[in-house]
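Just so you know, we're using full-length UniProt numbering here: the sequence shown kicks off at 1 and counts up by one.
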Amino acid sequence: MTFISLAWSFSTPVMAEPSRPNVLLILSDDHSVPHISCYDDANTMQFDITPNLQAFAEQGMRFDRAYTTAPQCAPSRISIFACRSPVGIGVTRFAQPAHPDIPFFTDVLRAGGYWVGLDGRHQHLDGRIREAEHIDTALSNAGMQNLEKRFDHFVRSAGTKGDQLDQVSSRVSAALDSVPATKPFFLYFGFSQPHRKFSATYNGINPDELRLPP
Numbered sequence: 001m002t003f004i005s006l007a008w009s010f011s012t013p014v015m016a017e018p019s020r021p022n023v024l025l026i027l028s029d030d031h032s033v034p035h036i037s038c039y040d041d042a043n044t045m046q047f048d049i050t051p052n053l054q055a056f057a058e059q060g061m062r063f064d065r066a067y068t069t070a071p072q073c074a075p076s077r078i079s080i081f082a083c084r085s086p087v088g089i090g091v092t093r094f095a096q097p098a099h100p101d102i103p104f105f106t107d108v109l110r111a112g113g114y115w116v117g118l119d120g121r122h123q124h125l126d127g128r129i130r131e132a133e134h135i136d137t138a139l140s141n142a143g144m145q146n147l148e149k150r151f152d153h154f155v156r157s158a159g160t161k162g163d164q165l166d167q168v169s170s171r172v173s174a175a176l177d178s179v180p181a182t183k184p185f186f187l188y189f190g191f192s193q194p195h196r197k198f199s200a201t202y203n204g205i206n207p208d209e210l211r212l213p214p
């Protein structure tokens, strides 16, 4: 599952019109509902694991019937951008790109005058696989790796593993600094956490204190 957080911003770099708000879309990776305290999970509430997400839910809105469209990160991500089910657009496998003629909602925003940016973890949104360069070459030759042309700001394969997590605020600030003063913005930023192997250690949590489901 991918957890989504939307932030509506009316601050720098431009004061957006009420009808065209600035939008920051934040995605976490492989993040299930029982690991978010705003859904009343006993362990996350006991250890105060997600206080900022709790604040988002209290100050904004919480969706109780929002379900992932696929059991993998890549099809789920493409489904969000295409606003269609993975099956409907023929993208059901890991690192399988959407056909370039499938519109993204960011294409619509851009056509409407928005500055649109893509940063953080978005690997495989266009089928890129670092371990399989021959596949990358084939997809590129077929015109299916075209994200650079669809975004005003595009940073490829820039997740938040290790020390990269400490650079998030500066990366977001740098991206927004490039937004023209006359345009509202949409910026996507994807986190690698809490995807296994990319997350912090379990220091500070005693397994004996965890509450197991009945």
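All residues carry an ideal CB built from backbone N, CA and C; glycine is no exception.
All figures in this text were calculated on a predicted structure; none of them were measured in a lab.
Contact check for Arg211 against Ala42 passes: the beta carbons are separated by less than 7 angstroms. Here Ile36 has Phe3, Thr44, Thr50 and Leu53 as same chain residues with Cβ atoms under 7 angstroms from its own Cβ, once five neighbours each way along the sequence are excluded. The three-state reading of DSSP puts Phe105 in helix, counting H, G and I together. Taking 7 angstroms as the cut-off, the beta carbon of Thr92 is found closer than this to the beta carbon of Pro86. Beyond the five residues adjoining it in sequence on each side, Trp115 comes within less than 6 angstroms, by CB distance, of Asp152, Val179, Lys183 and Phe185 in the same chain, given in chain order. Leu109 and Ile26 have their C-alpha atoms spaced approximately 17 angstroms apart.
Between Ala82 and Phe104, the C-beta gap is smaller than 7 angstroms, which places the two residues in contact. For Pro97, the closest C-alpha among the options Ala111, Arg77, Asp107 and Gly112 is that of Arg77.
Annotated three-state conformation of Leu212 is coil, per DSSP. In the three-state reduction of the DSSP assignment, Gly88 falls in the helix class. Counting the other Cβ atoms within 10 Å of the Cβ of Ile205 gives fewer than 16, which makes it exposed. In this structure, DSSP gives Phe81 a helical state, which the three-state scheme calls helix.
Asp30 counts as buried, since at least 16 other C-beta atoms from the protein chains shown sit within 10 angstroms of its C-beta. Secondary structure of Asp177 (DSSP, three-state): helix. In the structure shown, the three-state DSSP call for Tyr39 is helix. Spatial neighbours of Tyr39 in its own chain (CB-CB distance under 6 angstroms, excluding positions within 5 residues in sequence) are listed in chain order as Val33. Under DSSP, Leu53 takes part in no beta bridge, so it has no partner.
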